[in-house]
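Below is one structure; the comments refer to it alone.
There are 2 protein chains.
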Amino acid sequence: MKSDLDMLMEARDVDVLWVTGPAFHNPPMYYLTGGAHLTHAELIKVRGQPPVLFYNPMERDEAARTGLCTRNLAEYQSDELSKLANGNPNKAQVLRYQRMLSDMGVHAGRMAIYGRIDASRSYTWFTMLQKLMPELTIVGEIDDSPIFSAMTTKDEIEVERIRAMGKITTQVVGKTADFLSSQRVHAGMLVHQDGSPIRIGEVKKLINLWLAEAGAENPEETIFAIGGDAGVPHSTGTSSDPLRLGETIVFDIFPCEAGGGYFYDFTRTWCLGYASDVAQALYEDVLAVYQQIMDELEIGAQCRAYQERVCELFAARGHATILHDPKLQEGYVHSLGHGIGLNIHERPWFGRNASESDRLDAGVVFTVEPGLYYPSRGLGVRLENSVWARPDGKMEVLADFPMDLVLPVRQG
Amino acid sequence: MKSDLDMLMEARDVDVLWVTGPAFHNPPMYYLTGGAHLTHAELIKVRGQPPVLFYNPMERDEAARTGLCTRNLAEYQSDELSKLANGNPNKAQVLRYQRMLSDMGVHAGRMAIYGRIDASRSYTWFTMLQKLMPELTIVGEIDDSPIFSAMTTKDEIEVERIRAMGKITTQVVGKTADFLSSQRVHAGMLVHQDGSPIRIGEVKKLINLWLAEAGAENPEETIFAIGGDAGVPHSTGTSSDPLRLGETIVFDIFPCEAGGGYFYDFTRTWCLGYASDVAQALYEDVLAVYQQIMDELEIGAQCRAYQERVCELFAARGHATILHDPKLQEGYVHSLGHGIGLNIHERPWFGRNASESDRLDAGVVFTVEPGLYYPSRGLGVRLENSVWARPDGKMEVLADFPMDLVLPVRQG
């Protein structure tokens, strides 16, 4: 949690944090500013001191609203610095960085850097800064770095924001179900009044509209994939596909708060009207494994143990799993879940990248999303909820929604 | 343009381009893949050869749809690499990168890197790769790098996509004007049927909804700022503010294609019902300068000359300008414009960062957005259109919309 930041910096021997970039769609900056319309800012936090936000003067009111200590970047835009840099804008930028650090009393130590900006910029500026300040050690540690570690466990305010996104998400899923159930059927497909097929692109457009109505953003699109597409976990679906009865539809929706805030992640698999025997059998396997895993989740347990467990459970039901073949494309082919927060995918990891420190610590919010994929047979099934590992030891699904496979349709 | 890429690589002595990250909200990857639902991919282009896209196997269909040469990242996920890296995931990642380069025949030369991912990752991986491959020189050149230089001039397909976003943008602006003009007025404010004030937050929600209906995305929010907020160029406005008649409203809207594609950028300043004399006078100054600059734009001219010219024109009308005081907060306080494309702000630059190579070359799409700001007097005015420097030498505004200041309202 954010309140652990100084402690995490000490444990990892980090003296300074530097975050660069906008305050939206940039999780570390959003996390430390609370989100704001800052198109470009710099934030420096020295261990034991509150963070300082360096803002563009055109954004002074937005910066002030963050409630952080602030400084005006224009104070570092001097002609003197440009002259010192012989007109080289990158050198001027790095001299500016050095002066900002100096004004914060930083001349040496270990500094961790963050911020979602283009690698061409971050690599240039921070390698130049490293050369300019050899007493300072710039580190780009990844999962174990202080900010990302703090972000892994959520405080109650963050959980309530994720829960609110869960409510919006399930409301939109409900609207989508109602829409599909109320359409006419002809020749084994959902059709418009004029008999023309309803296509996946139209359904996605409605989903986007309902999300916008609810004040949510959908920066990474929605998966609404039928048939063979449903058999490929990240296939988003083919816009021109009609909605054929009886085939599996994987509907994976992961919106965030407007302005690049907290995400929710949710999947259901539906068959319109009826399910084929093979779809029904796969669904029952996935649902049984989902329920078994949910029963077995324990605070503090290692995530990769559950990945092994889900492979064991699917293997016992006769499915090939990624545990035995990392390149597997039919069967159980991905990881059981991942953390969610300001990133749609963040720690803890459950799959190949999971380390010993990827655990279900109190405060973690994560997905549980077993699935089975048989693209060559034209189907796939995934069921997913987002779960909060509560401080009281309970595992709570943050938004309820029926897990039924078959979605009734109007016949005739 | 994209077709210049090999030539630009040669001119800048770059042998290899490496792009990392997702294919949405990541301009260099979007540019080279055409946009796709790739949550993480790597792309390598060797000079004189077509780019190769390395994809996550769960996204194989999305990768195939790009039409690029593709390779499966799973082929680089071997246990052998993990062992070589002694279980260090960053080392494993960098060994993987080395092997990918090796498979492309790259062992030395100059490689430019790109991709909007967190600096902690890009810095870690590319500094480690640089140490591992000393014969390779990794460069993070910024504005002058081959991809960003190629992106600066748009081909006709790109211009048509920006134009289509301009049409959506002006349609939404028109709906907003119609909405405001059709509301009741009471006590000098727009009000609901029940007499309660209509607030800026409600208007912004409608704007988001209309953008979503039109299939656009709004990743960087909208500026809809009244009174003193309108006097601060990047203030997005205060949600709880009522819509008071006679005050300036700066409405700056910059949506992009869904999935993180091309942007449009557009600003009007409105006064509801009537304008105060001071607002009217500022508006006339801004409009006159806008028209004068539009008349003077010439293909191939240096952008910073126009920044100097606009300062000269505003100074002649009695306003302080940023040319004489870079920290100025009242008067003409920002730059005349910027390029637009897959970034809302990209080259060419007009302001302090502009270099000799920032020119209005044929194919550039850029904004012209003079403005005057007097926050202490509670107002600001900005007028902005997006302009295409056409190959035939003409300067074309890509979406028409009236520039009127006063928006009529229903009285009574």
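Keeping their order, the protein sequence lines are chains A and B.
Here the numbering used here is used: the first residue of the first sequence is 701, the next is one more, and so on.
Here the numbering used here is used: the first residue of the second sequence is 701, the next is one more, and so on.
Where is the CB? At the ideal position from N, CA and C, for every residue including glycine.
Computed from a prediction, not measured in an experiment: that's the story for all the values here.
Is it true that the CB of residue 719 (chain A) sits closer than 9 Å to the CB of residue 729 (chain A)?
-> yes
Of all the CB atoms in chain B, is at least one closer than 9 Å to the CB of residue 893 (chain A)?
-> no
Leaving out five residues before and five after residue 1004 (chain B) in sequence, what residues of the same chain have Cβ atoms less than 6 Å from its Cβ?
-> Cβ neighbours of residue 1004 (chain B) beyond the five flanking positions: 1054.
Contacts that residue 817 (chain B) makes with chain A (C-beta to C-beta distance below 8 Å) = 816, 819
Does the distance from the CB of residue 923 (chain B) to the CB of residue 937 (chain B) come in under 9 Å?
-> Cβ atoms of residue 923 (chain B) and residue 937 (chain B): closer than 9 Å.
On a CA-only basis, which of A:876, A:850, A:949 is nearest residue 708 (chain A)? Give me that one, please.
-> Between residue 708 (chain A) and the set A:876, A:850, A:949, the nearest pair of CA atoms involves A:850.
Residue interval of the beta strand (DSSP E) (run including residue 1048 (chain A)) = 1046 to 1049
Option in A:1052, A:1061, A:1058, A:1070 with minimal Cα separation from residue 1032 (chain A) = Each of A:1052, A:1061, A:1058, A:1070 was checked against the Cα of residue 1032 (chain A), and the nearest Cα belongs to A:1070.
With DSSP collapsed to three states, give me the class of residue 745 (chain B).
-> strand
Scan the region 755 to 775 of chain B for residues whose Cβ lies nearer than 8 Å to a Cβ of chain A and list them as they occur along the chain.
-> 756, 757, 758, 759, 760, 761, 762, 772, 774, 775
Residue nearest to residue 757 (chain A) in terms of C-alpha spacing, selected from B:755, B:816, B:1030, B:878 | B:1030
Between residue 803 (chain A) and chain B, is there a C-beta pair that is closer than 9 Å?
-> no
Could you check the C-alpha separation between residue 1026 (chain B) and residue 755 (chain A) for me, to the nearest Å?
-> 15 Å
Can you pull the chain A residues whose beta carbon is under 7 Å from the beta carbon of residue 725 (chain B), in chain order?
-> Those are 725, 919, listed as they occur along chain A.
Does DSSP classify residue 974 (chain A) as helix, strand or coil?
-> coil
When the cut-off is 9 Å and only beta carbons count, does residue 823 (chain A) lie next to chain B?
-> yes
DSSP puts residue 740 (chain A) in a beta bridge; with which residues?
-> Residue 740 (chain A) is not bridged to any residue.
Using a Cβ cut-off of 9 Å (strictly closer), state whether residue 1045 (chain B) contacts chain A.
-> It does; some Cβ of chain A falls within 9 Å.
For residue 929 (chain B), decide whether its Cβ has a neighbour in chain A, counting only Cβ atoms nearer than 9 Å.
-> yes
Helix, strand or coil: which one does DSSP assign to residue 709 (chain B)?
-> helix
Beta-carbon of residue 1008 (chain A) versus every beta-carbon of chain B: anything under 9 Å?
-> no
At what residues does the alpha helix (DSSP H) containing residue 730 (chain A) begin and finish?
-> 727 to 733
Which first and last residues belong to the alpha helix (DSSP H) in which residue 938 (chain B) is found?
-> That residue, residue 938 (chain B), is in no alpha helix (DSSP H); it is neither H nor E in DSSP.
Hey, out of A:913, A:833, A:944, whose CA is closest to residue 887 (chain A)'s CA?
-> A:944
Beta-carbon proximity list for residue 879 (chain A), same chain, < 7 Å, skipping 5 on both sides | 906
Boundaries of the beta strand (DSSP E) in which residue 1090 (chain B) is found, first to last residue | Where residue 1090 (chain B) is concerned, there is no enclosing beta strand (DSSP E), given that its DSSP letter is neither H nor E.
Can the beta-carbon of residue 1034 (chain A) be found closer than 9 Å to that of residue 1022 (chain A)?
-> yes
Per-residue contacts from residue 908 (chain B) into chain A (C-beta, under 8 Å) | Scanning chain A for C-beta atoms nearer than 8 Å to the C-beta of residue 908 (chain B) yields 912, 915, 958, reported in chain order.
Quick one: grab the DSSP three-state call for residue 771 (chain B).
-> strand
Cβ separation of residue 974 (chain B) and residue 1106 (chain B), assumed to be a contact under 8 Å, to the nearest whole Å | Contact holds; Cβ gap of about 6 Å.
Within 9 Å (strictly less), CB to CB, does residue 722 (chain A) reach chain B?
-> yes
Could you work out which residues of chain A lie near residue 813 (chain B), taking near to mean beta carbons separated by less than 8 Å?
-> 819, 820, 823
For residue 725 (chain A), count neighbouring Cβ atoms within 10 angstroms of its own Cβ and tell me buried if that reaches 16, exposed if not.
-> buried
Three-state secondary structure assigned by DSSP to residue 793 (chain B) = helix
Look up residue 924 (chain B) in the DSSP assignment and say whether it is helix, strand or coil.
-> strand
Per DSSP, which residues does residue 1039 (chain B) bridge with? Please list them.
-> B:1046, B:1066
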